[in-house]
Amino acid sequence: MTTLTFLGQSAILLEAGGFHVLVDPFLGDNPKATTSPDDVPADLILLTHGHGDHLGDTVAIAKRTGAPVVAIVEVANELAEEGLDVVDLNLGGTHEFDGGWVRMVPAWHTGLTPKGTPHTPAGLVINLGGKTVYHLGDTALFSDLALPSRRDPLDLALIPIGGHYTMDRHDAVEAARLVAAPHVVPVHFDTFPPIETDAEAFKREVEEAGVAKVSVLAPDASVEV
Ligand code: NI
Ligand code: MN
């Protein structure tokens, strides 16, 4: 069984067989997060990109847990300089780990870390415990969102809906069609005023169109993948 816990903004925790994959752990400075970076478990940390609301508490959590960090090359190099154990993927690359794998796929967004490292943001196709999850990262709507499911049938997709910095909830309905996962969890909304939106309206539109089942999760709520 693979369990997904939403931690707020784009942060999620995937767990299967006692192995914890933590993605985009922006916790300490997230006004909506209820999980502390001081005790969140992590055996592997994955980053879609290095904006502050995704990189978040990565350095502190990786140092505490010893978890390696998978990030795009330029971000991985910055984190290696801070003493972290890193895996430096680029778009199209796959990293295999105990019990699963992660593939880095394109996303349409910009990328600069808080320390000033420019990089290309990504989406992540994550396989854990026999289930496959597509985390779109921060992105606008684009047609290649349809490509990951052609290689690996998806069980769940995490789609940003907040608008302003990513696609909004209307474009996210079309994104859900393209992504072709049977189960969708909206992310990247309501954390700050510019990205406030009506997640229940997104759920209604996607479900009424017969595109996918949608689970709107409060921070710390979990679903089975
Ligand atoms: Ni971003
Ligand atoms: Mn973001």
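Start counting the sequence shown at 583; every next residue gets the next number (my numbering). Glycine residues also receive a C-beta, built at the ideal position from the N, C-alpha and C atoms.
Asked	Found
Residue from Phe771, Asp620, Thr748, Ile741 whose Cα sits closest to the Cα of Ala794	Ile741
C-beta atoms of Val652 and Leu666 nearer than 8 Å	no
Where Gly590 sits in the DSSP three-state scheme	strand
Stretch pair the segment 614-631 + the segment 702-709: three plus CB contacts closer than 8 Å	yes
Stretch-stretch touch, CB-based, cutoff 8 Å, three pairs: the segment 711-723 with the segment 687-703	yes
Run of the alpha helix (DSSP H) containing Ala757, from where it starts to where it stops	751-761
Beta strand (DSSP E) segments (min. 3 residues) lying fully within the segment 614-699	626-628, 651-654, 668-671, 676-679, 682-688
Exposure label - Thr692; buried when at least 16 CB within 10 Å	exposed
At least three beta-carbon pairs within less than 8 Å, the segment 639-652 to the segment 720-740	no
Rounded separation between Arg685 and Phe608 - CA only	21 Å
One or two residues paired with Gly705 in a DSSP bridge	Val687
Heavy atom of the ligand NI within 7 Å of Asp639 beta-carbon	no
For Ala803, three-class secondary structure by DSSP	coil
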